[in-house]
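Heads up, the thing below is written out as C-alpha cells.
Number of protein chains: 2
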Amino acid sequence: MSTPSKLNRKRILVADDEPDVLMLLNLNLQRAGFEVIKAEDGERALKLAREESPALVVLDLMMPGLSGLEVAKQLKAQPATARIPILMLTAKSDEVDRIVGLELGADDYVTKPFSPREIVLRVQSVLRRSEPAEAQVDELEVGPVKVDRVRHEVLVGGEVLDFTATEFKLLTVLMERRGRLQSRDVLLNDVWGYESAIDTRTVDTHIRRLREKLGAAADMIETVRGFGYRMVEDFQ
Amino acid sequence: MSTPSKLNRKRILVADDEPDVLMLLNLNLQRAGFEVIKAEDGERALKLAREESPALVVLDLMMPGLSGLEVAKQLKAQPATARIPILMLTAKSDEVDRIVGLELGADDYVTKPFSPREIVLRVQSVLRRSEPAEAQVDELEVGPVKVDRVRHEVLVGGEVLDFTATEFKLLTVLMERRGRLQSRDVLLNDVWGYESAIDTRTVDTHIRRLREKLGAAADMIETVRGFGYRMVEDFQ
DNA sequence: TTTTGCTGTTACATGATTGTTACAGCTTGA
DNA sequence: TCAAGCTGTAACAATCATGTAACAGCAAAA
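Note that the protein sequences, when read in sequence, are chains A and B. Residue 1 is where the first sequence starts when you use the numbering used here, and the numbers rise one by one after that. Residue 237 is where the second sequence starts when you use the numbering used here, and the numbers rise one by one after that.
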C-alpha cells in the first residue's frame with residue numbers, strides 16, 4: 001500500500017508461538033506503519049486483545065494451550081472484542097476448510113507459507129473493509145453549497161471548487177450534521193480518525209481554510225464559542 | 237461516522253440452510269452497510285425475493301427442497317425478479333462450470349470455504365457492475381476517445397491505438413463511470429479482481445501508462461488527491 | 001531456446017497538503 | 001472598563017501523495 005500515514009497508525013495484535021514468525025510479522029507490519037503488539041500464546045493474546053483494543057488481530061491457528069480457534073471464539077463471544085477483525089494464519093488450506101470460514105468469525109485467512117508482503121496487504125484490506133460504511137446520501141446541500149459524494153465534487157454558487165482531502169471530509173461531516181454543534185474532539189475523531197493525536201487547534205485552522213474557500217458563504221459555519229462549530233441549517 | 241440510514245442501504249437476500257453460514261454472512265454484510273434478509277430454504281428465498289425485491293441474492297447451491305439452482309432459474313424466469321443479480325455459493329469448484337457457463341445466469345460465484353471478506357467484496361463488486369445501464373453498452377465515448385468493446389478496440393482521435401489488457405479494462409471501467417470518483421481500492425477490485433493482493437500504487441502506474449497513450453487527451457483522467465481518479469464527463 | 005512485451009514493484013523527486021506555533025483581535029464576565 | 005480566555009490569522013517546516021522512471025519476473029510468441 002502507499003506510504004504509511006500518521007492517521008492510519010493502527011494497532012495490530014499478532015499472536016504466534018513461533019518467535020521467528022512473530023519477529024517477521026512485527027518487522028513488516030511496523031514498516032507498513034502499524035503499531036504492533038506481540039503475544040506468544042493464546043492466553044496472552046486474549047488478555048492483550050481486551051486491554052489494548054487493537055484494530056485487528058492476526059492469529060495463528062496452531063498454538064499450544066489456547067489455539068487460535070479458541071481465542072477467536074472467545075474474542076467473538078465478548079462484546080468488548082467481538083467487533084475486532086481477525087486474520088487467521090493456517091498451515092494447510094484443507095485442514096481449515098470450513099473451520100475458518102464458517103465456524104468462527106475470522107474475517108480472512110492466509111495459509112502458510114505466506115510472504116510478509118501478503119500479510120500486510122491482507123491486514124490493510126481487512127481494515128479498509130471494516131471501517132465504518134460510508135456513502136449514505138449522495139448529495140448534500142446547504143444554501144449555495146452542494147456536495148456530490150459520488151463525483152466527489154463541491155459546488156459553491158454553481159462553481160466547482162477544489163477542496164483538499166481534509167477540507168472535503170470536514171465539510172462533509174459538518175453538512176451531514178447541519179444544525180448540530182460539533183465539538184473539536186468530535187470533529188477530530190470523525191474527520192481525522194480515532195487515535196489521532198492532533199491538537200484541537202488544528203481544527204480551527206482547517207475551519208478557517210474552509211471559510212476562506214467558501215467565500216461569501218463563509219458564515220455558514222458558525223463558531224460556538226467554548227464548544228466548537230456548527231453548520232447552519234439554512235443559509236440566506 | 238454515522239451508520240448508513242436504512243432508507244438508502246441496499247438489501248441483500250441470503251439463502252442458506254446452514255444456520256452458521258447464515259449468521260456469518262448476516263454479520264459481515266451488515267457490518268459492510270447492507271440490510272440483510274435471511275432465508276433458510278429455497279421456497280422462502282423465492283418468496284422473499286418477490287416480496288422484498290432485494291438488490292442482490294446470495295444463494296447456496298446445495299439446499300434441501302428447492303436447490304439454489306432451481307431458485308435461480310425461477311428468479312430469472314419471472315420478470316419481477318429477473319434482473320436481480322445472483323451470487324452463488326458452491327462447495328466444489330468443479331460445480332462451477334456447470335452453474336455459470338451453462339445452466340443459468342448466476343452473476344458470480346464463490347466456492348466454499350470462503351472468507352467473509354471475499355463475500356463482501358464480491359457482493360459489492362457485482363452490485364457495482366450491475367448498476368449502470370451503460371455497463372452493457374458496446375461503445376463508450378468520451379471526448380476524442382472511443383472504446384469498442386466488441387472489437388476490443390480503442391480509437392483516440394480517430395486513430396486505433398494499442399492498449400494492453402489491463403489498460404483496456406482500466407480505461408473501460410473509468411469511462412463507464414465517467415464523472416464519478418473511483419478510489420484505488422475500487423479500481424483494484426473491479427479491474428484486477430477481488431482477491432488481488434496488489435499494491436495500490438500499482439494503480440498509479442497504470443494510470444500513468446494510460447495517460448501516456450492518450451497523449452493530448454491525458455487530462456481526461458483527473459487525479460483527485462487523497463481519494464483516487466476520475467474520468468471527466470466531457471472533454472473539450 | 002531466445003526474444004519480446006506486459007505487469008507489478010520500488011526508489012526518488014517534487015509540489016501540495018497539513019499540523020504547529022505565535023500573535024493579534026475579539027468575546028465574555030466581573 | 002479590564003482581564004482572561006478563546007478564536008482568527010498568517011507563516012513555516014515537516015510530511016505526504018503522486019508522477020515518473022527504471023527494473024525484474026513472467027508468460028507468450030517467435
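Using N, Cα and C, we set each Cβ at its ideal position, and we do this for glycine too. Given the structure is predicted, the values throughout are model-derived calculations rather than measurements.
| Item | Value |
| --- | --- |
| Between residue 10(A) and chain B, is there a C-beta pair that is closer than 7 Å? | no |
| May I have the straight-line CA-CA distance separating residue 283(B) from residue 65(A), to the nearest angstrom? | 47 Å |
| Which residues of chain B have a Cβ atom closer than 9 Å to the Cβ of residue 152(A), listed in chain order? | 416, 417, 460, 463, 464, 466 |
| Using a Cβ-Cβ distance under 7 Å, would residue 21(A) count as near chain B? | no |
| Between which two residues does the alpha helix (DSSP H) harbouring residue 27(A) extend? | 19 to 31 |
| Along the alpha helix (DSSP H) that carries residue 407(B), what are the first and last residues, could you check? | 401 to 412 |
| Check the C-beta distance from residue 265(B) over to residue 272(B) and give it rounded, since I have them as a contact under 8 Å. | 5 Å |
| Is it the case that the region 180 to 196 of chain A contacts the region 246 to 254 of chain B, given that we only count it when at least three CB pairs across the two stretches are under 8 Å? | no |
| Go ahead and pull the three-state DSSP assignment for residue 73(A). | helix |
| Would residue 397(B) and residue 390(B) be called neighbours here (beta carbons separated by less than 7 Å)? | yes |
| Return the CA-CA distance between residue 178(A) and residue 152(A), expressed in angstroms with no decimal places. | 19 Å |
| Which partner residues does residue 217(A) have in the DSSP bridge list? | None, per the DSSP bridge assignment. |
| Just to confirm before moving on: does the CB-CB distance between residue 45(A) and residue 80(A) stay below 7 Å? | no |
| Give every residue of the same chain whose Cβ lies closer than 8 Å to the Cβ of residue 277(B), excluding the five residues on either side of it in the sequence, and list them in chain order. | 251, 253, 299, 300, 301, 302 |
| If you draw a straight line from the alpha carbon of residue 307(B) to that of residue 344(B), how long is it in whole angstroms? | 15 Å |
| Considering only C-alpha positions, which residue in the set 88(A), 112(A), 113(A), 116(A) is nearest to residue 353(B)? | 88(A) |
| Does the count of Cβ pairs from the region 216 to 236 of chain A and the region 286 to 298 of chain B closer than 8 Å reach three? | no |
| Would you say residue 126(A) faces chain B, with C-beta separation under 7 Å as the test? | yes |
| Helix, strand or coil for residue 146(A) per DSSP? | strand |
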